[in-house]
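In the working numbering, the protein residues as written are 19 to 62. The C-beta atom is built at its ideal place from N, Cα and C for all residues, glycine as well.
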């Protein structure tokens, strides 16, 4: 399936600490744009 992440564009960062419950996403949706991520990581 496809995993979608929703957040404000001001919260998007290239490098963030992550925890156990965090998951990579295929699509990131903000109030300004929709970004499709090829490998499930923001730094793609």
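Apart from sequence neighbours up to five positions away, the residues of its chain that approach residue 41 with a beta-carbon distance below 7 Å are 21, ordered along the chain.
Looking at the backbone, the Cα of residue 30 and that of residue 49 are separated by about 11 Å. Scanning its chain for C-beta atoms nearer than 7 Å, with the 5 sequence neighbours on each side dropped, one finds around residue 25 the residues 48, in chain order.
With contacts defined as CB atoms closer than 9 Å, residue 55 and residue 45 qualify as a contacting pair. Comparing C-alpha distances from residue 19 to each of 52, 53, 43 and 51 shows the shortest one belongs to 43.
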